[in-house]
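Protein chains in written order, with our numbering: chain F, 1 to 432; chain W, 1001 to 1351.
Quick reminder that beta carbons are idealized off the backbone N, C-alpha and C, glycines included.
Below is one structure; the comments refer to it alone.
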């Protein structure tokens, strides 16, 4: 059956189903057409299976794991299950530490953790809630490691209390109980500069860092988007209207840096902006300044370098859209009496919007999660939220907090995308 | 080319010597001049002697990569050079194998290992001390104005020595220095830093030079910062500065006041499939002769018998000659407060 026949049969079949009254096909033909339709759907699905698998493996699974990791935290519950069980009956709001039986159970579990060399994990977890408790747990673990099981069951608690005076402190037990929860919102609270106090109420944290960083990242990303648009728009306009030969040559200048390694371009900015770099040397030679200006390792250098690196993402969609705009519209507006500015604003500019919004969306989303360039040229005030996420992945080993921060970033971007869709409409985006 | 030759030599050796015995494993250290010295005095002689092949890689410290490898069960590294400040944590979290310290050979002068090594080198069951190194600050004689700084107070004195100072972007060492410069005796620094008042005091002292600070992430950036005038003074591992002075004739000067010293150890990643050869390598690398080779970058040996092979001229330049002026970095303190101070430090940077 040819394509045309198939379509005809399909239309007939669906018409048939829809109306249910009139039929031009025999039942055999109907079956045949349905079979064909099914086969086509199967083939079409088969073609997208690799894509679906790829998306699952490369996007859905990691993002899912990240979201899960930011709330699911079974480490403590796995390390000291019996202690947590025993702590259930302890009244944490009082001033007294758990009873001797609970202490014995904990001493026994700590002994086994020390033998399996997992006490450090527990120490790390508890230390997160109560800084300073890491050494308490580790040194007690070392002491308890030497005792035998019978002693531990009967008088482990005494040995524990004798090992470190910190065990008399209610706070360490409270921390232990609260970090024993398998599902926790504590990483999200931390990521939004909040914490729970001893009464379990949500209060502001002493250190106020993440909200500020999110705000700053947003600000930098918006600034870069604006700058790339401001620089990219006239350039793209020139490229789109210049003679082919000039435009092609200029296009190479746009694309060449685009094909160059990101690291190379970032390093080039280091060479240009540093204290004894190209710009400072030039200005000093011309006696414009006497002391070198500090440009590298500031927010300024982050913005400059990222604007340069992301510029092609703005120029290319703008260029392809502008290329498709018929110049005669603009001329027609002029000939009908419009001033050049109003002709531009009311005729030309609206037609470039699909390209501009595509470029802006690309640049904004890429820059908010940018990592390498701020890390290299940003210094301290040019850091973005992604650098702190990397810090928690690489240095502080707080993967759960990194996951929570990453999830918030994801939610934030999705939210902004949604607002953007409501205001501009995603269907208005045109990449080429 | 040199590497190629070395590779060729190792390959030839591998095939010449009973190939069934030859093993290949990965060692990881910090690169730079230090890595080159380790390659020359520890890895190359070991490969020549045994026919095993070592792939030598660099990392920038910390335990995140170890944790990732051990937790995922995908062990890529076998032997790793760990800073003692991270060792305690890595060991108690089960990221490293226990090293049988009783198998360490005696020194070349016949003294038993446990008497030959300095006690700190064998203090942790997971590793064997490799070097004593230190963090100090250095200045460039060409760019410094106002005389020669010689104390940690001078580092914080911006009116006498105007210009940028470079520090590594982390709370470690910087907070200790701030307190010492604020007049806290060295032996009280860590006690004070564990209190809120002490932390506030340290940050307040850092505030006084905040606008004159340049931050870096890797030690390899220091010689360049000093050289191109990015900073007039810079915190550094002593070996990097020594190497720049020695090999490149840079006009750098080291200031030993309040330097913070520590050890590096060789350790084995938990779950390494090459555990036996890795142990063999560590026994070899911490021997008297290979240890003495660390004098190339002015890092002190951890066993006394190594001094017999060392140049007398180098001894005053080693951290071991300046222990009185310095402070031992506290791994225990940083295991307790590293994370909370890291967060406070980041907050301080942002404000």
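Endpoints, the beta strand (DSSP E) within which residue i is located
| i | result |
| --- | --- |
| residue 427(F) | Counting along the chain, residue 427(F) falls outside any beta strand (DSSP E), and DSSP gives it neither H nor E. |
| residue 1089(W) | That residue, residue 1089(W), is in no beta strand (DSSP E); its alpha helix (DSSP H) goes 1084-1092. |
| residue 1135(W) | 1127-1140 |
| residue 943(W) | One cannot answer for residue 943(W) here, as it falls past the ends of chain W, which runs 1001 to 1351. |
| residue 1214(W) | 1213-1216 |
| residue 1042(W) | Residue 1042(W) -> no beta strand (DSSP E), and no H or E assigned at all. |
| residue 1340(W) | That residue, residue 1340(W), is in no beta strand (DSSP E); its alpha helix (DSSP H) goes 1331-1350. |
| residue 1233(W) | 1233-1237 |
Same chain, Cβ closer than 8 Å to residue i, neighbours up to 5 away in sequence not counted
| i | result |
| --- | --- |
| residue 1311(W) | 1295 |
| residue 1337(W) | 1193, 1194 |
| residue 2(F) | Its pLDDT being 49, under 50, residue 2(F) is placed unreliably in this model, and the value from its coordinates should be taken loosely. Here the set comprises nothing. |
| residue 1300(W) | 1131, 1132, 1133, 1294, 1318, 1319, 1320 |
| residue 177(F) | 84, 87, 90, 92 |
Any non-hydrogen atom of the ligand ZN within 7 Å of residue i CB
| i | result |
| --- | --- |
| residue 1349(W) | Among the components modelled here there is no ligand, and therefore nothing to report on the ligand ZN. |
Residue i, enclosing alpha helix (DSSP H) - first and last residue
| i | result |
| --- | --- |
| residue 1277(W) | 1275-1285 |
| residue 186(F) | 186-191 |
| residue 366(F) | 349-368 |
| residue 1074(W) | Here residue 1074(W) belongs to no alpha helix (DSSP H), and DSSP marks it neither H nor E. |
| residue 1056(W) | First-last for residue 1056(W): 1053-1058, but that is the beta strand (DSSP E), not the alpha helix (DSSP H). |
| residue 217(F) | 210-241 |
| residue 96(F) | First-last for residue 96(F): undefined, no H or E at that position. |
| residue 1025(W) | That residue, residue 1025(W), is in no alpha helix (DSSP H); its beta strand (DSSP E) goes 1024-1029. |
| residue 1292(W) | 1288-1292 |
| residue 1221(W) | That residue, residue 1221(W), is in no alpha helix (DSSP H); it is neither H nor E in DSSP. |
| residue 343(F) | 340-343 |
| residue 268(F) | 262-273 |
Where residue i meets chain C, residues with beta-carbon distance less than 7 Å
| i | result |
| --- | --- |
| residue 212(F) | Annotation note: the requested chain C is absent from the structure, which comprises protein chains F and W. |
Separation of residue j from residue i, as counted between CA atoms
| i | j | result |
| --- | --- | --- |
| residue 1360(W) | residue 81(F) | No statement about residue 1360(W) is possible, as the shown extent of chain W runs from 1001 to 1351 and does not include it. |
| residue 26(F) | residue 35(F) | 14 Å |
| residue 145(F) | residue 294(F) | 55 Å |
| residue 284(F) | residue 253(F) | 29 Å |
| residue 416(F) | residue 371(F) | 20 Å |
| residue 1350(W) | residue 204(F) | 18 Å |
| residue 337(F) | residue 39(F) | 60 Å |
| residue 499(F) | residue 305(F) | One cannot answer for residue 499(F) here, as it falls past the ends of chain F, which runs 1 to 432. |
| residue 149(F) | residue 1072(W) | 32 Å |
| residue 268(F) | residue 1098(W) | 46 Å |
| residue 1174(W) | residue 124(F) | 23 Å |
| residue 1344(W) | residue 263(F) | 30 Å |
| residue 1227(W) | residue 1297(W) | 19 Å |
| residue 197(F) | residue 74(F) | 22 Å |
| residue 1047(W) | residue 1055(W) | 11 Å |
| residue 225(F) | residue 384(F) | 15 Å |
| residue 100(F) | residue 1116(W) | 46 Å |
Other residues of its chain near residue i: CB distance less than 7 Å, five sequence neighbours each side excluded
| i | result |
| --- | --- |
| residue 1240(W) | 1032, 1033, 1219, 1222, 1223 |
| residue 236(F) | 315, 318, 319, 322 |
| residue 311(F) | 228, 231, 232 |
| residue 111(F) | 144, 145, 147, 152 |
Close-in-space but distant-in-sequence residues of the same chain around residue i (CB under 6 Å, 5 per side omitted)
| i | result |
| --- | --- |
| residue 103(F) | 157, 160 |
| residue 376(F) | 266 |
| residue 1257(W) | 1151, 1152, 1325 |
Write down every uninterrupted run of the alpha helix (DSSP H) in the stretch 282-332 of chain F whose length is 4 residues or greater and which is fully enclosed by it, in chain order.
299-323
Are at least three pairs of beta-carbons, each pair with one atom in the stretch 1122-1140 of chain W and one in the stretch 1263-1270 of chain W, less than 8 Å apart?
yes
Check whether the stretch 419-429 of chain F and the stretch 1239-1251 of chain W touch, using three or more Cβ-Cβ pairs below 8 Å as the test.
The stretch 419-429 of chain F is not in contact with the stretch 1239-1251 of chain W.
Stretch pair the stretch 380-396 of chain F + the stretch 345-364 of chain F: three plus CB contacts closer than 8 Å
No, the stretch 380-396 of chain F is not in contact with the stretch 345-364 of chain F.
If you pair each beta-carbon of the stretch 86-96 of chain F with each one of the stretch 417-424 of chain F, do three or more pairs fall below 8 Å?
no
Going residue by residue through the stretch 1144-1204 of chain W, where are the continuous alpha helix (DSSP H) segments of at least 4 residues, counting only ones entirely within it?
1152-1155, 1174-1181, 1189-1193
State whether the stretch 1232-1251 of chain W contacts the stretch 1203-1223 of chain W, with contact taken as three or more CB pairs (one from each stretch) at a distance under 8 Å.
yes
Using 8 Å as the Cβ pair cut-off and three pairs as the minimum, do the stretch 331-343 of chain F and the stretch 240-251 of chain F touch?
By the criterion of at least three beta-carbon pairs nearer than 8 Å, the stretch 331-343 of chain F is not in contact with the stretch 240-251 of chain F.
Quick one: complete alpha helix (DSSP H) runs, 4+ long, within the stretch 372-409 of chain F?
Taking 4 residues as the minimum length, the alpha helix (DSSP H) runs contained wholly in the stretch 372-409 of chain F are 372-377, 385-394, in order along the chain.
My parser needs the alpha helix (DSSP H) runs of 4 or more residues fully inside the stretch 121-197 of chain F; what are they?
133-145, 149-163, 170-179, 186-191
Decide if the stretch 210-228 of chain F is in contact with the stretch 157-167 of chain F; the criterion is three or more beta carbon pairs, one per stretch, under 8 Å apart.
Taking 8 Å as the limit for Cβ pairs, the verdict is that the stretch 157-167 of chain F does not touch the stretch 210-228 of chain F.
On the three-pair Cβ rule with 8 Å, is the stretch 126-140 of chain F touching the stretch 1338-1345 of chain W?
yes
Inspect the CB distances between the stretch 1101-1118 of chain W and the stretch 1066-1081 of chain W and report whether three or more fall short of 8 Å.
Because the criterion of three Cβ pairs below 8 Å is not met, the stretch 1101-1118 of chain W and the stretch 1066-1081 of chain W do not touch.
Take every Cβ of the stretch 1177-1193 of chain W, pair it with every Cβ of the stretch 234-247 of chain F, and state whether three or more of those distances are shorter than 8 Å.
no
Should the stretch 1162-1170 of chain W be regarded as contacting the stretch 1207-1218 of chain W, the criterion being three or more beta carbon pairs within less than 8 Å?
They touch, by the three-pair rule.
Pairs of beta-carbons, one from the stretch 183-199 of chain F and one from the stretch 1324-1331 of chain W, closer than 8 Å: are there three or more?
Pairwise C-beta distances place the stretch 183-199 of chain F out of contact with the stretch 1324-1331 of chain W, as fewer than three of them are shorter than 8 Å.
Runs of beta strand (DSSP E) wholly within the stretch 37-95 of chain F (minimum 3 residues, chain order)
none
Decide if the stretch 1070-1087 of chain W is in contact with the stretch 1272-1282 of chain W; the criterion is three or more beta carbon pairs, one per stretch, under 8 Å apart.
yes
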